[in-house]
Amino acid sequence: MEKGKDSDYKKLNGLTEKQLEQVSFIYGLMESRAITPPEQEGKEVISRNHYTRKYPVYEHHKPISKIIDFDILSYVEG
Amino acid sequence: MYAACMPVRGFARGTICDLERNKLDIVSNELIEVIEECDQHSLDDVFQAYGDDNRQVLQSYIDWLLANEYAFKTTTPERFPKLEIEYQRPEVITNALIDVNKHSNHDFSSISKSLDALGCKDIQVRLFDYLNITSLLEIVSAFDETGIKSVELLCQYSDEISENEIQRICQSFPRVYLLVVHSSPFLKEIPGRSDSLSTMGNILYTTQKIVSEDHCGLIRPSQFSINTETYLESKNFNSCLNQKISIDVDGVIKNCPSMRFGYGSISEISLEEVATLPEFQRIWHINKDQIKVCRDCEFRYICTDCRAYAEGDSPTGKPSKCNYDPYTATWS
Numbered sequence: 024m025e026k027g028k029d030s031d032y033k034k035l036n037g038l039t040e041k042q043l044e045q046v047s048f049i050y051g052l053m054e055s056r057a058i059t060p061p062e063q064e065g066k067e068v069i070s071r072n073h074y075t076r077k078y079p080v081y082e083h084h085k086p087i088s089k090i091i092d093f094d095i096l097s098y099v100e101g
Numbered sequence: 036m037y038a039a040c041m042p043v044r045g046f047a048r049g050t051i052c053d054l055e056r057n058k059l060d061i062v063s064n065e066l067i068e069v070i071e072e073c074d075q076h077s078l079d080d081v082f083q084a085y086g087d088d089n090r091q092v093l094q095s096y097i098d099w100l101l102a103n104e105y106a107f108k109t110t111t112p113e114r115f116p117k118l119e120i121e122y123q124r125p126e127v128i129t130n131a132l133i134d135v136n137k138h139s140n141h142d143f144s145s146i147s148k149s150l151d152a153l154g155c156k157d158i159q160v161r162l163f164d165y166l167n168i169t170s171l172l173e174i175v176s177a178f179d180e181t182g183i184k185s186v187e188l189l190c191q192y193s194d195e196i197s198e199n200e201i202q203r204i205c206q207s208f209p210r211v212y213l214l215v216v217h218s219s220p221f222l223k224e225i226p227g228r229s230d231s232l233s234t235m236g237n238i239l240y241t242t243q244k245i246v247s248e249d250h251c252g253l254i255r256p257s258q259f260s261i262n263t264e265t266y267l268e269s270k271n272f273n274s275c276l277n278q279k280i281s282i283d284v285d286g287v288i289k290n291c292p293s294m295r296f297g298y299g300s301i302s303e304i305s306l307e308e309v310a311t312l313p314e315f316q317r318i319w320h321i322n323k324d325q326i327k328v329c330r331d332c333e334f335r336y337i338c339t340d341c342r343a344y345a346e347g348d349s350p351t352g353k354p355s356k357c358n359y360d361p362y363t364a365t366w367s
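Same order as they appear, the protein sequences are chains L and W. Just so we're aligned, residue 24 is where the first sequence starts under my numbering, counting upward by one. Just so we're aligned, residue 36 is where the second sequence starts under my numbering, counting upward by one.
In structure tokens, the structure reads:
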């Protein structure tokens, strides 16, 4: 089996024509988002490239209750 | 637009919520309109439609979107589908609120087991009266060896509990995300321990006096959550009460401790039984697009909600503790 031949590649991976299109689509998506943005206002900006992006610190995605008039993440992230 | 960058139109102005970078920009509704046009048509067509008189302004809008990495140019827009806005969680309950005062008699061990069975991940325990260190440790330790991811504890300040003892709670129980000591004579923040993914064990001494559930329901910009989960949840469900269960100081199971209606005492009916009741889940479906005033607000998908304190005592009234007017774009 010669490496790089489309037909063999498909056979090897058991991918249908449609699935292969989807794979190309995903790679296209990643490629277009692989932008490392410049530093903005001295703060590192999260890259839109999913392979290199930095995840924010753990937090509840929303406050459980709204009883504390204070932004805890202001110093956690700062 | 990048799939994670959401333009939101408000009455007086709009916002772009960057769910990936957790940031927000306030923009004009005119810019939102340009984004919508660019979504449907090629740039050349949009420039043509706006005419030569508007070319300079339109170009400045496009440049700004590109410079801030909200948008990108492509000749194959079909390859960039929109973010799926459906919101589903495998858990029945994701977050819980337990209120305690000196008269409460909650069995935290049993509550913890029930919440774990429901898949609950985040818990807040609010102690309105002073409890000694042994009681605090008993409460927090009840959530050990469960699937519960984080515990927030609010307790009343006392000279009898030293700062070292408070820190020891966070150190001994890694699930403690935040420990708030309210009614404190001073304000102090002690950041928790951090690793690459989490920051747990944060301590906050606040002079705010939190003596009952009536203090809840504050809507402030500091509580905005600009992230995918909040955005999607707010689009589909109530941004406060969805998949939440509460136990008030008397042990009554409710959607929220501040609400009048309860589903029975925890000594008589289990959390599991209440959580699956259709009438209990009904309020989860009141989203921001149904709430008066909020539906015209540019912050509606990143903001929290409050159904307990709502204007006009209506199920879809504006949260009464929100002092933002989207019609004039002012905080009062």
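Just so you know, even glycine gets a beta-carbon here, dropped at the ideal spot from N, CA and C.
On the DSSP bridge list, what partners appear for residue i?
i                : result
Gln191 (chain W) : W:His217
Val135 (chain W) : W:Leu162
Leu59 (chain W)  : W:Cys52
Pro354 (chain W) : W:Ala345
Glu224 (chain W) : W:Leu239
Lys289 (chain W) : W:Ser281
Asn360 (chain W) : Reading off the sequence, residue 360 (chain W) comes out as Asp, not Asn. DSSP output for Asp360 (chain W) lists W:Thr365 as bridge partner(s).
Ser229 (chain W) : W:Thr234
Ser300 (chain W) : W:Val287
Val186 (chain W) : W:Ile158 and W:Val211
Ile254 (chain W) : W:Cys357
Between which two residues does the beta strand (DSSP E) holding residue i run?
i                : result
Ser281 (chain W) : Lys279 to Ile282
Pro313 (chain W) : Segment Pro313 to Gln316 is the alpha helix (DSSP H) holding Pro313 (chain W); no beta strand (DSSP E) there.
Give every residue of the same chain whose Cβ lies closer than 6 angstroms to the Cβ of residue i, excluding the five residues on either side of it in the sequence, and list them in chain order.
i                : result
Ile326 (chain W) : Thr351
Thr75 (chain L)  : Low local confidence applies: a pLDDT of 44 at Thr75 (chain L) is under 50, so the model's placement there is unreliable, with the coordinate-based value given in what follows. No residues qualify anywhere along the chain.
Leu188 (chain W) : Val160 and Leu214
Ser281 (chain W) : Leu132, Lys289, Cys291 and Pro292
Glu55 (chain W)  : Ala39
Gly182 (chain W) : Asp151
Ser218 (chain W) : Gln191, Tyr192 and Lys244
Ser269 (chain W) : Lys323 and Tyr336
Tyr344 (chain W) : Gly252, Ser355 and Lys356
Leu100 (chain W) : Ala106
His73 (chain L)  : Its pLDDT being 48, under 50, His73 (chain L) is placed unreliably in this model, and the value from its coordinates should be taken loosely. Once the five neighbours on either side are set aside, His73 (chain L) has no close Cβ partner at all.
Gly236 (chain W) : Cys205, Val211, Gly227 and Arg228
Ala177 (chain W) : Phe143, Ser144 and Ser147
Can you name, in chain order, every residue of its own chain whose Cβ lies under 7 angstroms from the Cβ of residue i, other than the five neighbours on each side?
i                : result
Phe272 (chain W) : Tyr122, Trp319, His320 and Asn322
Thr109 (chain W) : Phe115
Ser145 (chain W) : none
Ala364 (chain W) : Ala47 and Arg48
Glu54 (chain L)  : Summary for Glu54 (chain L): the model assigns pLDDT 42, below 50, so the residue's position carries little reliability; its value from the coordinates is reported in the next sentence. Contacts found: none.
Lys58 (chain W)  : Ile261
Ile201 (chain W) : Leu214, Val216 and Ile238
Trp366 (chain W) : Asn358 and Tyr359
Tyr165 (chain W) : Gln191 and Ser193
Leu118 (chain W) : Ala38 and Ala39
Report back the beta-carbon spacing between residue i and residue j to the nearest angstrom; my notes put them in contact at under 8 angstroms.
i                : j                : result
Glu307 (chain W) : Leu153 (chain W) : 6 angstroms
Glu333 (chain W) : Val43 (chain W)  : 5 angstroms
Gly299 (chain W) : Ser139 (chain W) : With a Cβ gap of about 16 angstroms, Gly299 (chain W) and Ser139 (chain W) do not count as contacting.
Val175 (chain W) : Ile204 (chain W) : 6 angstroms
Leu78 (chain W)  : Tyr85 (chain W)  : Not a contact, Cβ separation roughly 11 angstroms.
Counting along the chain, where does the alpha helix (DSSP H) carrying residue i start and finish?
i                : result
Glu205 (chain W) : The question names Glu, but residue 205 (chain W) in the sequence shown is Cys. Element bounds for Cys205 (chain W): Glu198 to Ser207.
Asn64 (chain W)  : Asn64 to Gln75
Arg90 (chain W)  : Arg90 to Ala102
Glu307 (chain W) : Leu306 to Ala310
Val43 (chain W)  : Run containing Val43 (chain W): none in the alpha helix (DSSP H); it sits in the beta strand (DSSP E), Cys40 to Arg44.
Ile168 (chain W) : Ile168 to Ser176
Ile146 (chain W) : Phe143 to Ala152
Ala84 (chain W)  : Leu78 to Tyr85
Thr129 (chain W) : Unbroken run through Thr129 (chain W): none, as it is neither H nor E.
Lys270 (chain W) : Thr263 to Asn271
Grab me the residues of residue i's own chain with a C-beta within less than 8 angstroms of its C-beta, minus the 5 sequence neighbours each way, in chain order.
i                : result
Gly49 (chain W)  : Pro42, Val43, Ile61, Val62, Ser63, Asn64, Leu66, Ile67 and Glu333
Asp331 (chain W) : Gly45, Phe46, Pro361 and Tyr362
Lys156 (chain W) : Glu126, Thr129, Asn130, Gly182, Ile183, Lys184 and Ser185
Asp179 (chain W) : Phe208 and Arg210
Glu224 (chain W) : Asn237, Ile238, Leu239 and Tyr240
Open item on the list: Short of 9 angstroms Cβ to Cβ, which residues in the segment 130 to 142 of chain W face chain L?
Closed with: Going along the segment 130 to 142 of chain W in chain order, one finds Asn130, Ala131 and Leu132 with a Cβ nearer than 9 angstroms to chain L.
- [ ] Could you run through the segment 155 to 177 of chain W and flag, in chain order, every residue whose CB is less than 9 angstroms away from some CB of chain L?
- [x] Hits within the stretch, in order: Lys156, Asp157, Ile158, Gln159 and Arg161.
Open item on the list: Along the segment 244 to 258 of chain W, where does the CB come closer than 9 angstroms to a CB of chain L? Name the residues.
Closed with: Flagged, chain order: Ile245, Glu248, His250, Cys251, Gly252, Leu253, Ile254, Arg255, Pro256, Ser257 and Gln258.
TODO: Compile a chain-ordered list of the residues in the segment 283 to 312 of chain W whose CB is closer than 7 angstroms to at least one CB of chain L.
DONE: Of all residues in the segment 283 to 312 of chain W, none has a Cβ within less than 7 angstroms of some Cβ in chain L.
- [ ] For the segment 178 to 189 of chain W, enumerate the residues whose C-beta is nearer than 9 angstroms to any C-beta of chain L, in chain order.
- [x] Correct list: Lys184, Ser185, Glu187 and Leu189.
Task: Against chain L: residues of the segment 336 to 360 of chain W by CB proximity under 7 angstroms - done: Look at the segment 336 to 360 of chain W: the residues with a C-beta under 7 angstroms from a C-beta of chain L are Thr339 and Cys341.
TODO: Return the residues of the segment 268 to 282 of chain W that lie within a Cβ-Cβ distance of less than 8 angstroms from chain L, sorted by chain order.
DONE: Answer in chain order: Glu268, Ser274, Cys275 and Lys279.
Task: Near-chain L residues of the segment 204 to 218 of chain W - C-beta to any C-beta below 7 angstroms - done: Residues of the segment 204 to 218 of chain W with a C-beta atom less than 7 angstroms from some C-beta of chain L are Leu213 and Val215, listed in chain order.
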